[in-house]
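Q:
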Amino acid sequence: MLKIKDLQKKFKIDNGADNHILNGLNLTIENGEFVTILGNNGAGKSTLFNLISGTILPNDGYIILDEKDITFMPEHKRSKFIGRVYQSPMMGTAPHLTVAENLALAYGRQNRKNLNWALTRQLKDIFREKLSEAEMGLEDKLNSKIMDLSGGQCQVVALIMCTIKPPELILLDEHTAALDPKTAEDVMAFTERIIEKDHLTALMITHHLEDAIRYGNRLIMMDRGVVAHDFIGAEKNDLTSEKLRTLYHLKES
Amino acid sequence: MSLVIGSLQLGLIYSLIAMGIYISFKVLNIPDLTAEGSFTFGMAVMAVCVTGGHPILGIFLSLLAGAAAGLVTALLHTKLRIPAILSGILTMTGLYTINLMVMGGSSNLTLLGVTTIYDMVGGGLPFSFTIAKILISLIVAVVMIAVLVIFFKTNCGLCIRAIGDNETMARSSSMSVDLYKTLGLMVSNALIGLCGGLIACDQGYADMTSGAGMLVIGLAAVIIGEAFIRRRTIFAGLMSCVLGSIIYRLILAVAVSTRIFPAYAMKLLSAIIVAIALAIPAYKYYRENYQLKKRDKHA
Chain A
0 MLKIKDLQKK FKIDNGADNH ILNGLNLTIE NGEFVTILGN NGAGKSTLFN
50 LISGTILPND GYIILDEKDI TFMPEHKRSK FIGRVYQSPM MGTAPHLTVA
100 ENLALAYGRQ NRKNLNWALT RQLKDIFREK LSEAEMGLED KLNSKIMDLS
150 GGQCQVVALI MCTIKPPELI LLDEHTAALD PKTAEDVMAF TERIIEKDHL
200 TALMITHHLE DAIRYGNRLI MMDRGVVAHD FIGAEKNDLT SEKLRTLYHL
250 KES
Chain B
0 MSLVIGSLQL GLIYSLIAMG IYISFKVLNI PDLTAEGSFT FGMAVMAVCV
50 TGGHPILGIF LSLLAGAAAG LVTALLHTKL RIPAILSGIL TMTGLYTINL
100 MVMGGSSNLT LLGVTTIYDM VGGGLPFSFT IAKILISLIV AVVMIAVLVI
150 FFKTNCGLCI RAIGDNETMA RSSSMSVDLY KTLGLMVSNA LIGLCGGLIA
200 CDQGYADMTS GAGMLVIGLA AVIIGEAFIR RRTIFAGLMS CVLGSIIYRL
250 ILAVAVSTRI FPAYAMKLLS AIIVAIALAI PAYKYYRENY QLKKRDKHA
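Chains as they are written, first to last, in numbering that gives the first Met the number 0: chain A, 0 to 252; chain B, 0 to 298.
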């Protein structure tokens, strides 16, 4: 369970004034929930992700994941159990290393044995099996460099890297926004399959209203640093993109 | 012939500094300027050990000395957040005093008449001394390549490679970036320290000014090697360091032996060779653009 209490973050802008990005955000997410997050630019979605993954630290409030207070835990420690897929396909993978090497690095995240071989035959077999689940022909590309893959394949590798050791929480930061419509659909479908199979708890930022409605079992809409709307279960099923669009409009006026 | 043999032997020893620079510049992607300091540090430590009658200990201590220099740079860079280039310059400058201290305040220490590692092993081999020296240098280079190739196949080595490639990914894959950067810089400078030590044994003296220009020499070897070996695995990279280092020595030897250039022109020649080698990508870019433009005119 992820529990965010009264989270605040402000940045200093040039004239010395404070720019409040998050204004006491409260959010509780149960295990196994797949939450899509909407909100216009500047609503604080990315800041929220950065705070959860530990790239930046909050000014106030706390973040608790499965009874652990992770508010001030260093980034490399919490990434043991929090996975993150970025918008840019190049962000989540090391481009000059091979697919297998990237997966090996991710596989070792919870318990890295520094002096063991990074790649063994058993590991490669595990990786091949995981890659074949994506049905994108990646199982034959174990020894190709990431830079030789397409953007969609990259994102699939990044996704598998995050989930190869099931994390307690996975953050998807517009991870299909840089892909063409067909690939984006494939990657989304694969994302849903993985999340369902391993019963992962997931947060997904998207600007795609249809995706936000179609995937996941809860939808929240952020505005000016707080959760403005929260739709769970049946409420979410009744949503249409027109309704969501009106909500965006209401905020603008 | 003596020209080739001389270049071969020097090239093999200097390949260590090329490997060190390859690890910091290419693998870790950190422009580490500690090299000139750690080279002399290794040299000074080796000289003191050898004159004290411990040539074997000298090898380990010069490795350790280099690693210590790398550790200082790495701590300045990772913990105090000083840009890598400046951290290297700071360590290098500070090491000047340390090196003088190690050599007991004198800027020059002769190793003539004392037993170096070359005398020790070379005396027991059934070859002429020149061949024996080449053999010893070759063994050192091969051992180092083997150790490094194995090291970069472990999880630890793979993490170092990943950090040089994409730091964001490294952090989000739960790697302690600071730790692995530190390890990488220590390995890199350990090699450079050993190189300094072996050079001291080879030339028969340790000198405070020997470190000057070492960075450019190492970089030259790396770049020349890359021009010949296209594959980009760690093994290929290290092999290209050795090859590049030998070729570089040959070029220099030929340039000096033509007597067009005086011996003191070495540093200028090195700088020019590196500048030319670094400009090759730009040259290719201009040539390609030029051809594209020409095609436009004809059309």
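Beta carbons: idealized from backbone N, C-alpha and C, even for Gly.
Is A:Leu64 close to chain B? Criterion is C-beta to C-beta, closer than 8 Å.
A: With 8 Å as the cut-off, A:Leu64 does not count as an interface residue toward chain B.
Q: Could you please give me the residues that DSSP links to A:Lys181 through a beta bridge?
A: Per DSSP, none; premise fails for A:Lys181.
Q: Under 7 Å Cβ-Cβ, which residues of chain A neighbour B:Ala161?
A: Ordered by position in chain A, the residues that pass the 7 Å Cβ test against B:Ala161 are Ala93, Leu96 and Leu104.
Q: To the nearest angstrom, how far is it from the Cα of A:Ala42 to the Cα of A:His95?
A: If you take the alpha carbons of A:Ala42 and A:His95, they lie about 35 Å apart.
Q: Can you tell me the Cα-Cα spacing of A:Arg77 and A:Gly53, whole angstroms?
A: One C-alpha to the other measures close to 7 Å.
Q: Pick from B:Ile135, B:Asp206, B:Gly183 and B:Ala131: whose alpha carbon is nearest that of B:Gly156?
A: Comparing Cα positions, the closest option is B:Gly183.
Q: From B:Thr232 to B:Ile149, what distance separates their C-alpha atoms?
A: Each residue's alpha carbon lies about 13 Å from the other.
Q: Should B:Gly243 go down as buried or exposed, given a rule of 16 or more other Cβ atoms within 10 Å for buried?
A: Result: buried.
Q: Name the residues in the stretch 136-162 of chain B whose C-beta lies less than 8 Å from a C-beta of chain A; which are they?
A: Those would be Lys152, Thr153, Asn154, Cys155, Gly156, Leu157, Cys158, Arg160 and Ala161, in chain order.
Q: Going by Cα to Cα distance, which pick from A:Asp229, A:Tyr214 and A:Thr245 is closest to A:Thr190?
A: Cα-wise, what sits closest to A:Thr190 is A:Tyr214.
Q: So that I know if they touch, is there some Cβ in chain B lying closer than 8 Å to that of A:Gly107?
A: True, the Cβ-Cβ gap to chain B drops below 8 Å.
Q: Please list, in chain order, all residues of the same chain as B:Phe126 whose beta carbon is under 8 Å from its beta carbon, the five residues on each side excluded.
A: Answer for B:Phe126: Leu134, listed in chain order.
Q: What residues from chain B crowd round A:Leu114, counting only those whose CB sits closer than 8 Å?
A: What A:Leu114 touches in chain B: Thr153, Asn154 and Cys155.
Q: Shorter than 8 Å from the beta carbon of A:Ala99 to some beta carbon of chain B?
A: Not one chain B Cβ lies under 8 Å of A:Ala99.
Q: Under the rule that 16 or more other beta-carbon atoms within 10 Å means buried, what is A:Gln109, buried or exposed?
A: Answer is exposed; the Cβ neighbour count stays below 16.
Q: Within the same chain, show all residues whose beta-carbon is closer than 6 Å to that of B:Ser14, passing over the 5 residues directly before and after it, in chain order.
A: Excluding sequence neighbours, B:Ser14 sits near Ala140, Cys240, Val241 and Ser244.
Q: If you measure from the beta carbon of B:Met45 to each beta carbon in chain A, is any gap under 8 Å?
A: So no, B:Met45 is outside the interface.
Q: If I follow the unbroken alpha helix (DSSP H) through A:Ile7, where does it start and stop?
A: The identity of residue 7 of chain A in the sequence shown is Gln, whereas the question assumes Ile. Careful: A:Gln7 lies outside any alpha helix (DSSP H), inside the beta strand (DSSP E) at Leu1 to Lys11.
Q: Taking the alpha carbon of B:Ala83 as the point to measure from, which residue in B:Leu124, B:Met100, B:Val47 and B:Leu27 has its own alpha carbon closest?
A: If we check each option's Cα against that of B:Ala83, B:Leu27 comes out closest.
Q: If I measure Cβ to Cβ from A:Gly23 and keep anything under 6 Å in the same chain, skipping five residues before and after, which residues do I get?
A: Around A:Gly23: Asp5 and Gln7.
Q: So, using beta-carbon positions, are A:Glu167 and A:Thr200 closer together than 8 Å?
A: Yes, these two residues count as a Cβ contact at 8 Å.
Q: Between the alpha carbons of A:Lys79 and A:Leu178, how many angstroms are there, rounded?
A: Whole-angstrom Cα-Cα distance: 27 Å.
Q: Any idea if A:Glu100 is buried or exposed, counting beta-carbon neighbours within 10 angstroms, 16 or more meaning buried?
A: A:Glu100 is buried by the Cβ-count criterion.
Q: Would B:Gly57 and B:Gly196 qualify as a contact pair, given that the criterion is a beta-carbon distance under 8 Å?
A: A contact, by the Cβ cut-off of 8 Å.
Q: Give the single residue among B:Thr92, B:Gly19 and B:Asn98 whose Cα lies nearest to the Cα of B:Met340.
A: This structure gives no information on residue 340 of chain B, because the portion of chain B shown stretches from 0 to 298.
Q: Taking just the CA atoms, how far does A:Thr162 sit from B:Val142?
A: Roughly 39 Å separates the two Cα atoms.
Q: Run the CB neighbour count on B:His76, radius 10 Å, all protein chains shown included, and call it buried at 16 or more, exposed below.
A: So B:His76 ends up on the buried side.
Q: Would B:Arg230 pass as an interface residue toward chain A - the criterion being a Cβ-Cβ separation below 8 Å?
A: Cβ-Cβ to chain A under 8 Å: no for B:Arg230.
Q: Please list the residues of the stretch 164-195 of chain B that have a C-beta atom closer than 8 Å to any C-beta atom in chain A, keeping them in chain order.
A: Answer set for the stretch 164-195 of chain B: Asp164, Asn165, Thr167, Met168, Ala169, Arg170, Ser171, Ser172, Ser173, Met174, Ser175 and Val176.
Q: From the DSSP secondary-structure annotation, give me the bridge partner or partners of A:Tyr61.
A: DSSP output for A:Tyr61 lists A:Lys4 as bridge partner(s).
Q: Assuming A:Val98 and A:Val34 make a contact with CB atoms under 8 Å, what is their CB distance in whole Å?
A: A:Val98 to A:Val34, Cβ: 29 Å. No contact.
Q: Quick one: does A:Lys44 have its CB under 8 Å from some CB of chain B?
A: Not closer than 8 Å to any Cβ of chain B, the Cβ of A:Lys44 fails to qualify, so no.
Q: Alpha carbon to alpha carbon, how far is A:Val226 from A:Ala233? Give it in angstroms, no decimals.
A: About 19 Å.
Q: Beta-carbon within less than 6 Å of A:Ala176's beta-carbon, same chain only, minus the 5 sequence neighbours each way: which residues are those?
A: Answer for A:Ala176: Gln86, listed in chain order.
Q: Decide yes or no for the touch test of the stretch 63-72 of chain B against the stretch 177-191 of chain B: beta carbon pairs closer than 8 Å, at least 3 of them.
A: Yes, the stretch 63-72 of chain B touches the stretch 177-191 of chain B.
Q: Would you mind telling me which residues of chain B sit closer than 7 Å to A:Glu74, beta carbon to beta carbon, in chain order?
A: By Cβ distance, chain B contributes Arg170.
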